[in-house]
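Chemist: There's a structure below that I have some questions on.
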Amino acid sequence: MPQAATLNSVLGPITPDQLGFTLMHEHVLVAASGLYQSYPDLLGVGPEARAIASLKRAKAAGIDSILDATTFDLGRHAPLLRAVSQASGVNIINVTGWWLDVPRFMRGVGPNQMAREFIRDITEGFRGTDIRAGLLKCAADIDGVTPPLETMARAVARAHRETGIPIMVHSHPGTQLARRQIEIFREEGVDLTRVKIDHSNDTTDLEYLQWILDQGCWLGLDRYPGRLVSPRQRTNTLKALIDLGHAGRLCPSHDCICIHLHNERPDGSIPEQHDYYRGNPDQYLYIHRQVLPQLREMGVREADITTMFVDNPRNFLAAR
Ligand SMILES: [Zn+2]
């Protein structure tokens with residue numbers, strides 16, 4: 168398979184071999200567009216320092232790279248990602264595209280218009296910076312692919328066709344939503360082997376997951392510990408997919424968020440630690456500490472672990 172010579176990280180181009188052990192769906196920051204710049208105090212004390220400390224721990228334990236899935240509407244602030252990557256030593260590849268929040272004033276925007284903007288994020292950089300997106304993302308959830316989200320999905324598809332950059336897709340397995348998302352990609356002529364359907368471990372429905380794999384897509388099994396399905400069930404599903412011979416298409420990750428809004432409690436106090444952190448104190452290391460030991464105990468071979476965390480990220484991101 169021909170490989171791209173370089174990938175766009177937030178610190179500049181890196182070679183595919185520099186990726187190393189990679190988590191394919193994480194977040195440094197999740198908020199709303201412009202919030203980090205305008206109301207940083209809502210994000211708790213010292214957000215940047217917290218993110219750096221968390222990723223330094225990850226790096227020390229062997230995590231070399233993360234894909235940061237924070238789009239514009241999730242509050243992307245590219246200079247923050249650059250600072251965090253620089254200080255922690257973890258490569259960060261950031262996305263362009265859109266999550267679920269399309270503002271009402273944008274409802275008339277067309278797919279070609281948005282595609283042009285996404286292409287500029289990839290080729291020139293996020294406006295006002297020279298930090299380039301390395302990946303595309305679109306999203307839909309329980310309400311289905313609504314008209315504004317369909318515009319974004321088609322824009323992402325067209326930007327993919329123009330640039331060759333792969334696509335990660337926020338999906339909703341409970342409604343088998345990838346069936347509709349993949350249909351849109353087919354209409355747009357997207358190469359489905361460059362598409363990763365994310366949040367796929369929010370179900371244990373192996374038949375549906377196999378159907379996605381049969382279309383040529385990758386599976387993002389990227390919620391750990393997650394909420395809808397127990398971590399143990401997620402690991403059982405992962406093991407079942409490995410046993411069916413799909414290790415070369417599976418991308419386990421956490422969907423961890425280390426900077427998040429710290430909402431006040433009914434008594435007016437502001438929690439020092441976010442609920443999200445209390446739910447997963449291991450943060451980016453949950454898989455290292457909790458899941459990999461279980462997988463090894465269940466008989467998963469070291470070679471399959473390397474495939475999922477080292478080879479798959481490289482193959483997904485660098486294929487051309
Ligand atoms: Zn996410």
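If you use our numbering, the sequence shown corresponds to residues 168 to 487, in order. Note that beta-carbon positions come from the ideal geometry of N, C-alpha and C, so glycine has one too.
#1: What do you get for Leu373, buried or exposed, if any count of 16 or more other CB atoms within 10 angstroms of its CB means buried?
#2: Please name the residue in Glu284, Ala250, Ala407 whose C-alpha comes closest to that of Arg217.
#3: Could you check the C-alpha separation between Thr182 and Asp231 for me, to the nearest Å?
#4: With respect to the alpha helix (DSSP H) encompassing Ile409, which residues constitute its N-terminal and C-terminal limits?
#5: In the DSSP assignment, the beta strand (DSSP E) including Trp385 goes from what residue to what residue?
#6: Report all residues from its chain with a CB closer than 8 Å to the CB of Pro480; omit the five preceding and five following residues, and keep chain order.
#7: Just the C-alpha distance for Gln457 and Thr402, rounded to the nearest angstrom, thanks.
#8: To the nearest angstrom, how far is the alpha carbon of Ile409 from that of Ala254?
#9: Comparing alpha-carbon positions, which option in Arg390, Pro315, His413, Asn482 lies nearest Arg271?
#10: Excluding the 5 residues flanking Ala470 on each side, which residues of the same chain have their C-beta closer than 7 Å to its C-beta?
#11: Could you tell me whether the Cβ atoms of Tyr375 and Gln343 are closer together than 7 Å?
#12: For Ala414, verify whether its CB is less than 6 Å away from any heavy atom of ligand 1.
#13: Please classify Tyr453 as buried or exposed, where buried requires at least 16 neighbouring CB atoms within 10 angstroms.
#14: For Asp288, does the count of other Cβ atoms within 10 angstroms reach 16, so buried, or fall short, so exposed?
#15: Opposite Met335 in the DSSP bridges: which residues?
#16: Among residues of its own chain, excluding the 5 on either side of Ala306, which ones have a beta-carbon nearer than 6 Å to its beta-carbon?
#17: Would you kindly check if the distance between the Cβ of Gly242 and the Cβ of Leu202 is under 7 Å?
#18: Between which two residues does the alpha helix (DSSP H) carrying Pro314 extend?
#19: Cutting at 8 Å between CB atoms, please list the residues of its own chain near Gln400, excluding the five before and the five after it.
#20: Ala306: beta carbon under 6 Å from a heavy atom of ligand 1?
#21: Would you tell me roughly how many angstroms separate the C-alpha atoms of Gly341 and Val396, rounded to the nearest one?
#22: Below 8 Å on the Cβ atoms is my guess for Val177 versus Leu248; work out the distance and round it to an integer in Å.
#23: For Thr238, is the classification buried or exposed, using 16 other Cβ atoms within 10 angstroms of its Cβ as the cut-off for buried?
#24: Gln377 to Gly435, Cα distance in whole Å?
#25: Looking at C-alpha atoms only, which residue of Met273, Arg347, Glu329 is the closest neighbour of Ile309?
#26: Which stretch, first to last residue, makes up the alpha helix (DSSP H) that contains Ser273?
Modeler: Per the coordinate set shown:
#1: Counting C-beta atoms within 10 angstroms of its own C-beta, Leu373 has fewer than 16 neighbours from the protein chains shown and is therefore classed as exposed.
#2: For Arg217, the nearest C-alpha among the options comes from Ala250.
#3: Cα atoms of Thr182 and Asp231: separation of roughly 13 Å, rounded to the nearest angstrom.
#4: Looking at the DSSP string, the run of the alpha helix (DSSP H) that includes Ile409 is 398-410.
#5: Run containing Trp385: 385-388, per the beta strand (DSSP E) assignment.
#6: These residues qualify, in order along the chain: Leu186, Thr189, Met191, Ser232, Leu234, Cys418.
#7: So the two alpha carbons sit approximately 10 Å from each other.
#8: Distance between the alpha carbons of Ile409 and Ala254 is about 35 Å.
#9: The closest CA to that of Arg271, considering only Arg390, Pro315, His413, Asn482, is found on Pro315.
#10: Same-chain partners within the cutoff: there are none.
#11: In contact: Tyr375 and Gln343 (Cβ atoms closer than 7 Å).
#12: For ligand 1, not one heavy atom lies less than 6 Å from the Cβ of Ala414.
#13: Taking every protein chain shown into account, the CB of Tyr453 has 16 or more other CB atoms within 10 angstroms, so this residue is buried.
#14: For Asp288, the number of other beta carbons within 10 angstroms of its own is at least 16, and it is reported as buried.
#15: DSSP lists Lys304, Lys363 as partners of Met335.
#16: Result list for Ala306: Trp266, Leu267, His337, in chain order.
#17: The answer is yes: Cβ separation under 7 Å.
#18: The continuous alpha helix (DSSP H) containing Pro314 extends over residues 314-330.
#19: Within the same chain, Gln400 has close Cβ partners Thr371.
#20: For ligand 1, not one heavy atom lies less than 6 Å from the Cβ of Ala306.
#21: Distance between the alpha carbons of Gly341 and Val396: 11 Å.
#22: Contact holds; Cβ gap of about 4 Å.
#23: Residue environment: Thr238 is assigned as buried (16 or more neighbouring CB atoms within 10 Å of its CB, all protein chains considered).
#24: In a straight line, the C-alpha of Gln377 is about 48 Å away from that of Gly435.
#25: It is Arg347 whose Cα lies nearest to the Cα of Ile309.
#26: According to the sequence displayed, residue 273 carries Met and not Ser. Annotation: Met273 is outside any alpha helix (DSSP H) and is labelled neither H nor E by DSSP.
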